[in-house]
Structure formats: C-alpha cells, structure tokens
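A short write-up of the structure that comes next.
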C-alpha cells in the first residue's frame, strides 16, 4: 500500500475510533439506564395490580360479611334450620322469600355472579341462581373452610358457568356465636381481567396477567381472545415464579416474543403475577440514538478522509522523489544526488542518503573482491548442505507419516464425541417431552373426571331420581374407579413435579414419633381386614425439621406396600435416633422381593408383577415418589428382603435442615437476569 494512502487511513482512523468508543459507551450506558427504569416501572405496575386485585377481593368479602350479619338471614337460619322449632310452613316460605329478595337486591348492586346460602348439611338453601338451589356442596373447599372462617378459594374452572371463577365464603353465626350456615359468592372474574388488562404505562406491547399453579392462564390475554384456562404457559419467568421466586428477567413470552418480565408469586392466592413489556418497544429510544451516532460517525469518517488525503500528499511527495532516486542508485548509478529543500526530517534523510550513496560505491568495489574468495568457500559448504538435506528429507517424511496417523485418530475421536453429544441432546429433549406429556395429559385427564365424579355422587344421593339396589351398586363401582383414577393422576402429577424439581418443601418442627403413631393408627383398620397385626414400637425421639405432610405420605406408602404384599402375619414399625439422624424401619412378613428386583423397585412405574392379571393393583409410582421426598430432605431410603420371608424398608431423616433453608432464602433474592 502506498504511503499516502496509509497516512490518509491513519488520519481517518483516530477520530473514527474516538467516535466509536464514545458512541459505544453512550449506547451501553443508555441501555443499562433504560433496562433499570423499565424494571422499576414493571415492578411498580405489578405491585399496583396486586394491590388492586387484593382490594377488589376485600371489597367482595366485606359485602359477604355484611350479609352474614344481616338479622333477616341470621334469624331465618337459626329459627327454621338450626333450632328446628315448631313453625308454620307458610311463615318459613315468607321468610325465605324475604331472604331471596335481599340476596337478589344485593346481587344487582355488587360485582358478583351468584350469592347463595348453604346449610350445615351442605345443601344450598337459597341462591340468586335458581338452578343451584338444592345442590350439595359437602365436597367443596369453600363450604368446609367457610364453616371455620373467612375463605377465598383460588381460581378454578366453573362447570356451571363454563368460565374461570373465584368463590368467597363467610360463616353465618347466631347470637351465641355458633356457626349455623355459610354464605358464599362467586365473583365476576372479568373484573380481575379488566384490572390486569389496563396498560398502566406499559405501551403497545406490555401486559399483565395471572397464571395458576398448573401453568394455566386464568385472566384474559390482551392480544388473543378467550385463552383463560385454555393456554398453558411454560416461559422461563413463569417457571421461576411457580418455584416461589420474585424477580426480573429477559425472556420470550407465551407469544414467542422477546420481553422484559417482572414476576411475583402471590402465595395466599396461589397465582403468579406477570408484568412484561416488549423488548423492541423498550429499546426504541436506544435504536434512535444508535442511528444518530451512526450518522455522526459517517460525517467524521468523510471529514477525516479529506484531511488525511490533503496531509498525506504534502508528506508523501518528497518521500516518493527519494524512492525514485534510490531505485536508480540501486541499479548502479551511484553518482546521482538528491536535492530536497525542506529543512525537516525528510531533508536530513536526503542528505544522509547522498552520503550513503558515496559510501556504497566504495563498498561495492570491496565486495567484488571479497565475493571471489567467498565463492570457493560456498562450493565446499554446498556439498555439506546437500548431505544434510537428504538426512532432513528422510526425517521429515517419517514425521509427516506420524502426523497423518495422529490426525486420523483425532478425527475418529472427534466423530465419536460428536455422535455422543447428539445422542445426549436427543435423550435430554425426549426427557423434557416426557415430563411435558405427563403433566399436560394428567391435567387433561383430571378435567373431565371432576364432573363425572360430581354427577355420580349426585346420582347416588338421589338428587337426579331414586335408584334401585343394582343401579346403586353399579354407580358405587364407577365412583370407586373414578377415585382410583384420580389417585393415579395425582401420582403421575407428583412424580412429574418431583422430576422437574417443581415442588417446594414446607419445613416445620415435627414430632416424628407422634406422626408415625397417628399414621399407624390410620392404617390399622386396613391391616385388620386382611388379618394382619400392625404394631409400632414407640421410642423417645427429638423434634426434627421436615415437611410433615410429605413425610406422612412416605410412611403411609411404606405401610400400604407392606399390607398389600403380606397375606398373613404382622407388620412392625420402629424409629430410633442414630447420631444426627432418625432411622425409621417398616418390617413385614410378606412375600419378599427377589434379588434381581431390589435395585429397580424405587424406579418410576416399575412393578414386579408385569402381567395384565397381576394380583395387586398399583401404578409403580409410590416408592419413586417416596425416594424423591426423602432425598429432598437430604435423607436416604433403601430395602433389605428375602424372597418368601418378608421385607424391611429403611429411611433416614436429618434432625435439622438449616443449610437447605439458607439455600432457599438465597434463591428468593431479587435479581435482574439476562438471557
């Protein structure tokens, strides 16, 4: 490249680099500032929406509380249904009509779908929806919990209204503070969707919505109509939110678009609140800044180029002249002189070059003389070099062959590594597909089972007409099988959550001895039906830190297995302190387990009896779930068995879970993550 072009480039590059550094620094700083402002805004919007959501529910509760204290309703329930005094049927109908009128009037002025009164026997006595009157609500959480205190049921899909619902319930008490009934109300969930649909400064791409613990969207989408309880959302933000976390993250939303998302788990409502805004809209101002900086950089480039060309011509002319003279001197014209008038470094260079040309002429004559003597020496050295060349050629050939062999080996190793990597990736994808399939399939199976169970119960209770003995027997068989299918689905959901680590342990102080005793007493009637004796050798045990509900499930599962595979004999349970752990043993005198199955029984879906006519029913999930729960408590579970003589299952639990709690608390910190 010619020197004048080099100089032009140098004059152009320096200001260009300065402009690029300045522009990049401004861009990075502005990006971070915008992300920070957006994150703060999303968090404030989420807090506002949560407060509005809670305020809306509190207003509905206050309305129900007011109705529960209405003298008309309290006197009606107390006199005609609780005290059961002698009364005139016409008087009861008259009072019931007044209560019905009061509920209808309140329904017109308050945001509720339905308001209804439930008697202590679980029957709907009065409702603003005549279709619901007389229905039995014994199995409903809002009835059972409403008898105790104020209750807010989480989002669920209402079979009667065919849309999402939230039911609130309040106990009705007489003057003696005795509960005589429950008043409940189904609120209008469209109002909650309206709260979430308000933009709140989130622009054209932002929205807020709620997702329940089953990954289902429970409020309306701003962009797609009628997605409530129809779309499952598995974004990274929802996954972390359902783990009980709170934070801000860059990810893709359920539409596949890049967004900045704030997420927060509302524990007392069992929903995840999501507030997000499109990343493209967030960075609009940054993109405009980038365009301006690009224009400024282009202008600086053109100005620098013109200045570089001007200065390069001034500097390069005498240098080009010096080059031309040097070429002539190189051809043997040593008498040529350079005439440069500049008094700078180039003038000094020309003077030095003239002196060099004179010295070069003298040196050339001496070199001619020396060349002749060197020529002889070169002949001798050439022979020696030829011999060395042959030896080097032989060594080079050997080295090349070794190199080719090594490359072939490396190619084989790389090919094997690539195949192994592809296989691992495929297995991982299949595992994710399996977990997703189990979760979605279980939810889809469970949805139609609930109405089937309710309809069967209504038939058995005579709500749809009187049944004869054979019909009742048939429907009882149907109900038992529905319950068995529900248990199977719950087991599949549980093992799916455990494999995905999508569950939380609720640690508390637990008296393990009392827990084992209570579980043993619950299982004793089942064992006695088979003529099996079940006993628990109680010992003094310290308190431990554990999830009481899940550990009770492990103990129940081990005792159920012992009863299932023991035809006669006894089952004994024992627990003792071993160092800083508790060792629990469940021993039976049943059929035992073959050696080849010992290492497989804790695997999901594994069953020793593999035929369609196997003697014992089951899913093969109980021991796998138990193992996951014990492992999550940092414990260990194993079995020892002799075929035909019985089995003993062991598991250990540590006394404390401090490290576990510390780890969970660290995960709850608010962090801004970038994908």
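In my numbering, the protein residues as written are 723 to 1397.
We treat Cβ as the ideally placed atom computed from N, Cα and C, and that holds for glycine.
Going straight from the alpha carbon of residue i to that of residue j, what length do you get?
i: residue 1333; j: residue 1318; result: Here residue 1333 scores only 38 on pLDDT, less than 50, and its place in the model should not be relied on; the value that follows carries that caveat. C-alpha separation (whole angstroms): 18 Å.
i: residue 1147; j: residue 961; result: 21 Å
i: residue 1247; j: residue 1191; result: 27 Å
i: residue 1018; j: residue 910; result: 56 Å
i: residue 925; j: residue 1003; result: 8 Å
i: residue 817; j: residue 948; result: 42 Å
i: residue 1298; j: residue 1315; result: 25 Å
i: residue 907; j: residue 847; result: 14 Å
i: residue 735; j: residue 1031; result: 13 Å
i: residue 834; j: residue 881; result: 17 Å
i: residue 1027; j: residue 740; result: 15 Å
i: residue 777; j: residue 1235; result: 44 Å
i: residue 840; j: residue 854; result: 11 Å
i: residue 1197; j: residue 1189; result: 10 Å
i: residue 819; j: residue 850; result: 11 Å
i: residue 1179; j: residue 1368; result: 40 Å
i: residue 1120; j: residue 1082; result: 48 Å
i: residue 1105; j: residue 1131; result: 40 Å
i: residue 983; j: residue 934; result: 17 Å
i: residue 1193; j: residue 1176; result: 16 Å
i: residue 1048; j: residue 1093; result: 24 Å
i: residue 1378; j: residue 1307; result: 20 Å
i: residue 1300; j: residue 1376; result: 10 Å
i: residue 731; j: residue 1021; result: 15 Å
i: residue 1172; j: residue 877; result: 15 Å
i: residue 1124; j: residue 1100; result: 35 Å
i: residue 981; j: residue 755; result: 17 Å
i: residue 763; j: residue 747; result: 24 Å
Given that a residue counts as buried once 16 or more other Cβ atoms are within 10 Å of its Cβ, and exposed if not, what is residue i?
i: residue 1000; result: buried
i: residue 1143; result: exposed
i: residue 1264; result: exposed
i: residue 923; result: exposed
i: residue 945; result: exposed
i: residue 886; result: buried
i: residue 1095; result: exposed
i: residue 1388; result: With a pLDDT of 42 at residue 1388, under the threshold of 50, the modelled position of this residue cannot be trusted, and the question is left open.
i: residue 1133; result: exposed
i: residue 1396; result: Any reading at residue 1396 must be qualified, since the residue scores a pLDDT of 36, below 50, and its modelled position is unreliable; the value itself is stated next. Burial call: exposed.
i: residue 1261; result: exposed
i: residue 1107; result: exposed
i: residue 1129; result: exposed
i: residue 785; result: buried
i: residue 956; result: exposed
i: residue 979; result: exposed
i: residue 1405; result: Since the first residue of the chain shown is 723 and the last is 1397, residue 1405 is not available in this structure.
According to DSSP, residue i sits in a beta bridge with which residue or residues?
i: residue 1362; result: 1370
i: residue 873; result: 891
i: residue 1295; result: 1258 and 1308
i: residue 997; result: 930 and 984
i: residue 1266; result: 1232
i: residue 1277; result: DSSP, once it has assigned bridges, lists no residue as partnering residue 1277.
i: residue 838; result: 849 and 906
i: residue 880; result: 885
i: residue 1376; result: 1303
i: residue 1015; result: The partner list for residue 1015 (beta bridge, DSSP) is empty, contrary to what the question assumes.
i: residue 901; result: 895
i: residue 974; result: 980
i: residue 954; result: 938
Identify which residue in the options has its Cα closest to the Cα of residue i.
i: residue 1275; options: 1291, 1299 and 1350; result: 1350
i: residue 1323; options: 1360, 1289, 1310 and 1305; result: 1360
i: residue 1229; options: 1235, 1188, 1273 and 1250; result: 1273
i: residue 843; options: 1369, 850, 860 and 851; result: 860
i: residue 1365; options: 1353, 1376 and 1320; result: 1320
i: residue 986; options: 1227, 765, 1137 and 1295; result: 765
i: residue 898; options: 804, 973 and 821; result: 804
i: residue 959; options: 1346, 763 and 930; result: 930
i: residue 1312; options: 1268, 1292 and 1357; result: 1292
i: residue 823; options: 837, 811, 810 and 812; result: 837
i: residue 1284; options: 1363, 1325 and 743; result: 1363
i: residue 772; options: 866, 975, 1277 and 915; result: 915
i: residue 917; options: 779, 788 and 936; result: 779
i: residue 1281; options: 1372, 1357, 1200 and 1232; result: 1372
Is the CB of residue i under 8 Å away from at least one CB in chain D?
i: residue 1171; result: No chain D appears in the structure shown, which is made up of a single protein chain.
Exercise. With a cut-off of 8 Å, do at least 3 Cβ pairs link the segment 854 to 874 to the segment 932 to 943?
Worked result: Result no; under three Cβ-Cβ pairs closer than 8 Å.
Exercise. Between the segment 886 to 897 and the segment 964 to 972, do three or more beta carbon pairs fall short of 8 Å?
Worked result: They do not touch, by the three-pair rule.
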